[in-house]
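Colleague: Before anything else, here's the structure in question.
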Amino acid sequence: MIDPWTIANAISLLLLVIQLPATAILLSRLLRGPSRQPPITPKNPTPEILGSVSIVIPTLNEARRISPLLTGISRQSYEVRETIVVDSRSSDGTPDLVKAAQQKDPRFRLMTDDPLPPGWVGRPWALHNGFLQSSEASEWFLGMDADTQPSPGLVASLVKTAESQGYDLVSLSPQFILKYPGECWLQPALLMTLLYRFNPAGVNSEQPERVMANGQCFLCRRSVLAAVGGYSSAGHSFCDDVTLARNIAASGYKVGFLDGAKVLKVRMYEGALETWKEWGRSLDLKDASSRAQLWGDLWLLISVQALPLIVILSYLFS
């Protein structure tokens, strides 16, 4: 009869062989953190960026959370030419809030997107329609989500950072607003899976297939977005931001993913249940990744989990 300790040792050795490469990959990513670009900070606009940005916001029943965004955009300065809210037939009064904001700030414009065509997901379809309706005089397109809360100076800071560092596309990692115990535990844990799989915000990947992006605050040169057909290449994707950013990077353009915690806050979901349900649709990035990438990321996460399998098995056989 084979000694249980022999079996345990053999399994432990096998798991160690599996885990060591994953640990090395993870450490190579985490060790880049100290040298990453610092968070961007609010900046004042300068005359050369006058009217250079068109903002597009997709909405569907966002009345309970869009007001901080509308207020925050109104506080941006003359670098914002227009803000187009593309509503997908909301029934909760969202359009009324936009119209009220328009009375105070004529840069706001409300439009309703066309019926969703086959092969498209709602969010990229709304953004694509907004892009087509935006002014060609704007040099930059900025997509923002209704749950974001921008600080004054956000847009100017984004544009100046992109221009000074030569980015064609730059998106931000925000500061997340968490209120309840369940989401305070779950949200950081889910975000850590992104950190394990990709570089920290402020460390940009040179491999297009490993590029990260966040559509909550997504600045792209209008000419670049036009060159790739707007959002058409990501129209099918539930993670359209990452899909589009990777397509743009693969076309040879410079893409950045930066720390925006000092200029942008986000209140995404209410409670742990909604957090789990909504994150589950896009956290794996399956619409932007190959099958090999998905399996590779799964292996990495299992191998470097906080309580390694080798420890569990050693405990069970002790």
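Numbered per my numbering, the sequence shown spans residues 191 to 508.
Using N, Cα and C, we set each Cβ at its ideal position, and we do this for glycine too.
(1) Pop quiz: V456 and P364 are said to be a contact at Cβ under 8 Å. What is the actual Cβ separation, rounded to whole angstroms?
(2) Classify I502 as helix, strand or coil using the three-state DSSP reduction.
(3) Residues in its own chain within less than 7 Å of A291 by CB, not counting five upstream and five downstream?
(4) In angstroms, rounded to a whole number, what distance separates the CA positions of L210 and R400?
(5) Exposed or buried, which one is L217 when buried takes at least 16 other CB atoms within 10 Å?
(6) If we count the other Cβ atoms within 10 Å of its Cβ and call it buried at 16 or more, is I256 buried or exposed?
(7) CA-CA distance, K350 and S328?
(8) CA-CA distance, Y510 and N437?
(9) Does G419 come out as helix, strand or coil in the three-state DSSP assignment?
(10) Can you give the beta carbon distance from D430 to R313, rounded, assuming they're within the 8 Å contact cut?
(11) When the distance is taken between beta carbons, is P229 closer than 8 Å to A346?
(12) Quick check on DSSP: helix, strand or coil for V494?
(13) Go ahead and pull the three-state DSSP assignment for D337.
(14) Give me the Cα-Cα distance between D318 and P390, rounded to the nearest whole angstrom.
(15) Of the residues K289, N251, E272, G333, which one's Cα is nearest the Cα of L415?
(16) In the structure shown, what three-state DSSP assignment does D487 receive?
(17) I'd like to know if the segment 366-383 and the segment 246-253 are in contact, where contact means that at least 3 CB-CB pairs between them fall below 8 Å.
(18) May I ask which residues mark the beginning and end of the beta strand (DSSP E) holding D304?
(19) Counting C-beta neighbours from all protein chains within 10 Å, is the total for K233 16 or more, i.e. buried, or is it exposed?
(20) Please look up how many angstroms separate the CB atoms of L359 and A435, rounded, as I've assumed it's under 8 Å.
(21) Return helix, strand or coil for G343, following the three-state DSSP convention.
(22) Considering only the alpha carbon of each residue, which of D303, P296, M458, L287 lies closest to S278?
(23) In the DSSP output, what is E238 paired with across the bridge?
(24) Looking only at C-alpha atoms, which of V270, R226, G405, T231 sits nearest to I239?
(25) Is G312 near the ligand ATP, in the sense that its beta carbon is under 7 Å from a heavy atom of that ligand?
(26) Sorted by chain position, which residues of the same chain lie with C-beta nearer than 6 Å to C374's C-beta, five sequence neighbours on each side aside?
(27) According to DSSP, which residues form a beta bridge with T273?
(28) Excluding the five sequence neighbours on either side, which residues of its own chain have a C-beta within less than 6 Å of the C-beta of G392, listed in chain order?
(29) Taking the alpha-carbon positions, what's the W310 to D335 distance?
Modeller: According to the data block:
(1) What you label residue 456 is simply residue 266 of the sequence shown in a count that begins at 1. What you label residue 364 is simply residue 174 of the sequence shown in a count that begins at 1. Rounded to whole angstroms, the Cβ separation of V456 and P364 is 4 Å, and the two are in contact under 8 Å.
(2) Walking along the sequence shown from the start, residue 502 turns up at place 312. Unreliable placement is indicated for I502, whose pLDDT of 47 sits below 50; the coordinate value is still reported in the next sentence. DSSP places I502 in helix when its eight states are reduced to three.
(3) Along the sequence shown, one-based indexing puts residue 291 at 101. So the qualifying residues of the chain are L260, S264, F298.
(4) Translated into positions along the sequence shown, residue 210 becomes position 20. Translated into positions along the sequence shown, residue 400 becomes position 210. Taking C-alpha positions only, L210 is separated from R400 by approximately 21 Å.
(5) Indexing the sequence shown from 1 puts residue 217 at position 27. L217 counts as exposed, since fewer than 16 other beta carbons sit within 10 angstroms of its beta carbon.
(6) Taking the first residue of the sequence shown as 1, we reach residue 256 at position 66. With 16 or more other Cβ atoms from the protein chains shown falling within 10 Å of its own Cβ, I256 counts as buried.
(7) Translated into the one-based positions of the sequence shown, residue 350 becomes position 160. Translated into the one-based positions of the sequence shown, residue 328 becomes position 138. Going by the C-alpha atoms only, they are around 15 Å apart.
(8) Past the boundaries of the shown model lies residue 510; the chain is included only from 191 to 508, so the question cannot be answered.
(9) On the sequence shown, position 229 is the one that residue 419 refers to. Coil at G419, not helix or strand.
(10) Counting from 1 along the sequence shown, the entry for residue 430 is found at position 240. Counting from 1 along the sequence shown, the entry for residue 313 is found at position 123. Taking 8 Å as the upper bound for CB-CB distance, D430 and R313 are in contact here, some 6 Å apart.
(11) Taking the first residue of the sequence shown as 1, we reach residue 346 at position 156. Taking the first residue of the sequence shown as 1, we reach residue 229 at position 39. Not in contact: A346 and P229 (Cβ atoms no closer than 8 Å).
(12) Locating residue 494 in the sequence shown gives position 304, where the first residue counts as 1. Residue state, collapsed to three classes: coil.
(13) Numbered from 1 along the sequence shown, position 147 holds the residue referred to as residue 337. In the structure shown, D337 sits in coil (DSSP, three-state: anything other than H, G, I, E or B).
(14) Position 128 of the sequence shown holds residue 318. Position 200 of the sequence shown holds residue 390. One detail in the question is off: residue 318 reads as His in this sequence, not Asp. Approximately 29 Å, taken between the alpha carbons.
(15) Taking the sequence shown and counting its residues from 1, one reaches residue 415 at position 225. Comparing alpha carbon positions, the residue from K289, N251, E272, G333 closest to L415 is G333.
(16) The residue labelled residue 487 in the question sits at position 297 within the sequence shown. Correct three-state label for D487: helix.
(17) By the C-beta criterion, the segment 366-383 is judged not to be in contact with the segment 246-253, since fewer than 3 inter-stretch pairs fall below 8 Å.
(18) Translated into positions along the sequence shown, residue 304 becomes position 114. No beta strand (DSSP E) holds D304; DSSP gives it neither H nor E.
(19) As a position in the sequence shown, residue 233 is number 43, starting the count at 1. Residue environment for K233: buried (at least 16 other C-beta atoms within 10 angstroms of its C-beta).
(20) For this step, residue 359 is matched to residue 169 along the sequence shown. For this step, residue 435 is matched to residue 245 along the sequence shown. About 6 Å; that satisfies the 8 Å criterion.
(21) The residue given as residue 343 occupies position 153 in the sequence shown. Here G343 sits in coil by DSSP.
(22) The residue labelled residue 278 in the question sits at position 88 within the sequence shown. Checking every option, the nearest Cα to that of S278 belongs to D303.
(23) If you number the sequence shown from 1, residue 238 lands on position 48. The partner list for E238 (beta bridge, DSSP) is empty, contrary to what the question assumes.
(24) Reading the sequence shown from its first residue, position 49 is the one you call residue 239. The option with the nearest alpha carbon to I239 is V270.
(25) Of the ligands one can find in the structure shown there are none, so the ligand ATP has no counterpart to examine.
(26) On the sequence shown, residue 374 is found 184 positions in, with the first residue counted as 1. Here the set comprises L368.
(27) Here residue 273 is taken as the residue at index 83 of the sequence shown, counted from 1. In the DSSP output, where bridge partners are listed per residue, T273 has I245, F298.
(28) The sequence position of residue 392 within the sequence shown is 202, counting from 1. Around G392: R226, Q227, L448, D449.
(29) Taking the first residue of the sequence shown as 1, we reach residue 310 at position 120. Taking the first residue of the sequence shown as 1, we reach residue 335 at position 145. Near 18 Å, if we compare the C-alpha coordinates of D335 and W310.
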